[in-house]
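Read in the UniProt record's numbering, the sequence shown has 1 at position 1, and its numbers run on one by one without any break.
We treat Cβ as the ideally placed atom computed from N, Cα and C, and that holds for glycine.
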Amino acid sequence: MKLNLTKNSWDSEFFGKPIYTLKLDGTESNQQAEPGALITAKIEGDDYAGIDRLNNLGFQLCEGEVSFIKRLGPVDTKLSIEKYKAKQSDIEKLEALCSGLYSQSRFRMPWFSPSERDAFYSLWIRKAVNGEFDDVCLTIQDNGIIKGFVSVKIHGDVAKIGLIGVNEQFQGQGIGKKLISLAEAYGALSNATLLSVATQSSNRLAMLLYSKSNFTIQNISYWFYKHAPF
């Protein structure tokens, strides 16, 4: 099986270490990873031959990824999404909420430190507020306290949830379902017909939330990591 190796320039620069993506797609690249570089590979859950190949190459399972999707229904056209949009003044509070919130992540030890992981998600939410990584960041607030947030990006007829998080002080109060409703409304008002979201297979609570919100499983995949050389 041929190996297709590509350097992830953005990831490498952000984390300050060389990071590559390996694809077992039957093509071959001339790219060579320097010793100690992190090689990542994402593979479909039913690709047993590919999983065996990665195991034989010395890769370790990092995390599973479960993708969910649901069809969007009619939305209340009187709903004002604008009042839920995060503002520049919310960024510092959102970054603070991201700290430690995503402990179930593929950016985990021993490949990434907790501080590296938190810095990544803090940057993501900052850029979402600015309409970069995602198109919008929506929040539920009460007297200036952010109870939860969700970022969304439109890809054609699909609205994709990027980050979703609930303030630990307000967990178990239905905030997650309200955030999904906001994402649905934003998607529908943006002419999307589908809403998608992905989470880690270790995150039981998130998967339960999506199942209760009438999402269906679209795909299951796995992330494998290894340090060069092969």
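query = Where Gln218 and Gln171 are concerned, what is the direct C-alpha to C-alpha distance, given to the nearest angstrom?
reply = Your numbering for residue 218 matches position 218 in the sequence shown. Your numbering for residue 171 matches position 171 in the sequence shown. Roughly 26 Å separates the two Cα atoms.
request  = Let me know if Tyr20 comes out buried or exposed under the rule of 16 or more other beta-carbons within 10 Å of its beta-carbon.
outcome  = Walking along the sequence shown from the start, residue 20 turns up at place 20. So Tyr20 counts as buried.
ask   = Would you say Tyr222 and Ile43 are within 8 Å of each other, going by their C-beta atoms?
value = The count along the sequence shown starts at 1 and reaches residue 222 at position 222. The count along the sequence shown starts at 1 and reaches residue 43 at position 43. In this structure, Ile43 lies closer than 8 Å to Tyr222 by Cβ.
ask   = Using CA coordinates, which residue listed in Ala192, Thr199, Phe59 and Lys127 is at the minimum distance from Leu72?
value = Here residue 72 refers to the residue found at position 72 of the sequence shown. Closest option to Leu72, Cα to Cα, is Ala192.
query = Cα separation between Ser151 and Ser12?
reply = Mapped onto the sequence shown, residue 151 falls at position 151. Mapped onto the sequence shown, residue 12 falls at position 12. Roughly 24 Å separates the two Cα atoms.
inquiry  = Does the CB of Ile51 have a neighbour CB from chain C at under 8 Å?
reply    = Structure shown: chain C not included; a single protein chain is present.
ask   = Under a three-way DSSP split, which group does residue 245 fall into?
value = Residue 245 is absent from the structure shown; the chain starts at 1 and stops at 230.
ask   = Taking three-plus beta-carbon pairs below 8 Å as touching, is the region 123–130 in contact with the region 166–184?
value = no
When Asp90, Leu54, Ser105 and Thr40 are compared against Val136, the one with the closest alpha-carbon = Mapped onto the sequence shown, residue 136 falls at position 136. Among Asp90, Leu54, Ser105 and Thr40, the Cα nearest to that of Val136 is on Asp90.
request  = For the alpha helix (DSSP H) holding Phe68, just list the boundary residues, first then last.
outcome  = What you label residue 68 is simply residue 68 of the sequence shown in a count that begins at 1. Phe68 -> not in any alpha helix (DSSP H); beta strand (DSSP E) instead, spanning Gln60 to Arg71.
inquiry  = For Asn55 and Phe14, what's the separation of their Cα atoms in angstroms?
reply    = Locating residue 55 in the sequence shown gives position 55, counting from the first residue. Locating residue 14 in the sequence shown gives position 14, counting from the first residue. Distance between the alpha carbons of Asn55 and Phe14: 28 Å.
The region 45–59 in contact with the region 94–104 per 3-pair CB rule at 8 Å = no
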